[in-house]
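Chains as they are written, first to last, in this note's numbering: chain A, 1 to 294; chain B, 1001 to 1365.
Even glycine gets a Cβ: it sits at the ideal position worked out from N, Cα and C.
So the structure is just underneath, and the comments pick up after that.
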């Protein structure tokens, strides 16, 4: 059969390619470009290959920051997810109370990152901050500029305060979507409250929770403004997370090559963790035989 | 095992009801006997689901009492009533296997695993779910899911009644009759009282021994499918049951005769005098399309009608015609030929019902 081959239609994807190029490829390629070169001035540069990557991966300060970063993200997830679900469960479902509680819960989400940091910076001050002053009055020597434990606890608390509402809102909408008949059937089946949660509510929340956990992981892994304003990464480097290390390197020290390499590593870690998590959850959901064939 | 009695029951969703229209269920007294297969038939919004939820305890009635075997259970929650309910949309526990789904109501009351296995196997057998027991319930088809929902009601040996709230709505038509047969079989085998809510008269009459027809929050008739067809107690039952529904002619009493418009309707004397005695100005005659004969010649009892349309339905035809201003439908058997524009019809006298204020008046009372 003679077919006229006409491939002109390929031109139609050109706008899409342009869009992707500007949104993703070009900015990223700039970083890739710097990550494999050593740039002295606009006219002098050397190709370094993977050297910057090796240096970065072996830098003990960055390794420590990476560990702190993981510890932080896992800590806040472990607190925010159960807490968010709990809040969503006790939020009123109808009437003016529902609207009022919804607004109150949402409030922290509307505050810009820098402002959150500032609010907590003042809140925790020993002389004029309610929390700092209050704790000291109670006899606890609270000081986030001296005690790493205090600094850590405060940052975690701040993040929980700022972002638990997101999980709560997502779960609230998920809970609202469960048809009444499920609860009625459960009552007739004489299910306990726990069984209702375990076998109706939690399974129906899986999808929103996946989104919530992914968002919170990515967000918290990139956290910058709040700890920077609150503790400046201290005391010492006890609350210096990855973003801050990177900024210090790129802006403070003008080490463009290493920081470009480091940016790419950073990006790949987030991508990898998110992908692994998402795939694992979706795989577990899809496979009907894993638990069936016993 | 239980006999369910509804005593002066009424329910409203309005805080301060003013008129009968505010009631979803108007005051009624009704008994569902142990072991019966009942249908609750009516159009959407007539209160049948409300009534079902009151029986199961999901709703507390605003007035009156619900009694199980003479015991008032108004205040008892559904979990304490030993009742199972199957909903319009299948409710299954997604993350569990079919086996665990069926075992769920038993495990909730700490039944020994040995007993759970016996019951689940038995019920799965009856419902033909045996091969699916190890599968996740989430991946079943709609009719399989609905069978699992029913199964959860059946596994409990303390269940005294199963309530069905339009359970076959989401099932494919070709599977509907199969499931209906299954239900009938289960009813015969276990002897459990079953109340089946539906708006489909065919579903109701194939499933139930007795049907309660609901209209505007009231049970307007409770009877066998045959009774509903032959002697509808209310004009609504006449309309709703049968296809097409009953013909109703508004008539007025003039002297010793009944007139529809200006046409005199030849009728038994007893019926005419009963109509005259009622003194009401809402008098209707009800006659089913099946009981109107088409005559070749005009006679003493015939009426002349204008033929509008003849609809051939295979083994019979439906003739749409007008008697004066009133539309009539007449069912004509295969082979009988009706030609317009006018023809003569005769009402079979003993099949004509008298309806005063929408309710049937039994003659000879």
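Here the region 78-91 of chain A makes contact with the region 149-165 of chain A; the two share three or more CB pairs at distances below 8 Å. Restricting attention to A:73, A:9, A:201, the CA atom closest to the CA of residue 241 of chain A is found in A:73. Relative to residue 123 of chain A, the option among A:238, A:140, A:230 whose CA is nearest is A:230.
In the three-state scheme derived from DSSP, where H, G and I count as helix and E and B as strand, residue 1319 of chain B is classed as strand.
Counting along the chain, residue 1344 of chain B sits inside the beta strand (DSSP E) bounded by residues 1342-1347. Residue environment analysis places residue 185 of chain A among the buried positions, since at least 16 neighbouring C-beta atoms fall within 10 angstroms of its C-beta.
Membership of residue 1208 of chain B in any beta strand (DSSP E) is not indicated, and neither H nor E is assigned to it by DSSP. With fewer than 16 other Cβ atoms inside 10 Å of its own Cβ, residue 1016 of chain B counts as exposed.
Judged by DSSP in its simplified three-state form, residue 190 of chain A adopts coil rather than helix or strand. Straight across, the Cα-Cα distance linking residue 1229 of chain B with residue 1316 of chain B is about 18 Å. In the displayed model, residue 6 of chain A falls within coil according to three-state DSSP, outside both helix and strand. For residue 1031 of chain B, the closest C-alpha among the options B:1361, B:1245, B:1007 is that of B:1007. For a cut-off of 8 Å, the C-beta gap from residue 1155 of chain B to residue 1120 of chain B is around 6 Å, short enough to register as a contact. Those residues of the region 1089-1103 of chain B placed with their C-beta closer than 8 Å to a C-beta in chain A are 1089, 1091, 1093, 1094, 1095, 1096, 1097, ordered along the chain. If you check each beta-carbon in the region 1157-1175 of chain B against every beta-carbon of chain A, none falls closer than 7 Å.
Going by DSSP, residue 101 of chain A is part of the alpha helix (DSSP H) stretching over 95-106. With a cutoff of 9 Å on beta-carbon distance, residue 267 of chain A and residue 217 of chain A are scored as not near each other. Beta-bridge partners assigned by DSSP to residue 1162 of chain B: B:1084, B:1194. If you check the CB distance, residue 56 of chain A and residue 197 of chain A do not come in under 9 Å. Annotation: the continuous alpha helix (DSSP H) that includes residue 1099 of chain B extends over 1098-1107.
Neighbourhood of residue 1330 of chain B in chain A, by CB distance below 8 Å: empty, with the nearest CB roughly 44 Å away. DSSP places residue 1249 of chain B inside the beta strand (DSSP E), whose first and last residues are 1247-1254. Interface flag for residue 199 of chain A against chain B is set, since a Cβ pair is found closer than 9 Å. Annotated as distal: residue 235 of chain A and residue 99 of chain A, with beta-carbon spacing of 9 Å or more.
Here the alpha carbon of residue 1261 of chain B sits roughly 18 Å from the alpha carbon of residue 1342 of chain B. Among the residues of the region 1049-1078 of chain B, those with a Cβ less than 9 Å away from any Cβ of chain A are 1053, 1056, 1057, 1058, 1077, 1078, in the order of the chain. Two segments are said to touch when three or more pairs of C-beta atoms, one from each, lie closer than 8 Å; by this definition the region 161-176 of chain A does not touch the region 1078-1085 of chain B.
For residue 1087 of chain B, the chain A residues whose Cβ falls inside 8 Å of its Cβ are 181, 184, 185, in order along the chain. Following the DSSP letters along the chain, one finds residue 51 of chain A inside the alpha helix (DSSP H) bounded by residues 51-58. With the criterion set as a beta carbon lying under 7 Å from some beta carbon of chain A, the region 1114-1127 of chain B has no members that meet it. When the five nearest sequence neighbours on each side are left out, the beta carbons in the same chain lying within less than 6 Å of the beta carbon of residue 182 of chain A are those of 200, in order along the chain.
Sequence-distant partners of residue 1197 of chain B (beyond 5 residues in either direction) whose C-beta falls short of 7 Å from its own C-beta, in its chain, are 1040, 1048, 1049, 1052, 1164, 1165, 1166. Per the coordinates, the alpha-carbon of residue 1313 of chain B lies some 12 Å from the alpha-carbon of residue 1243 of chain B.
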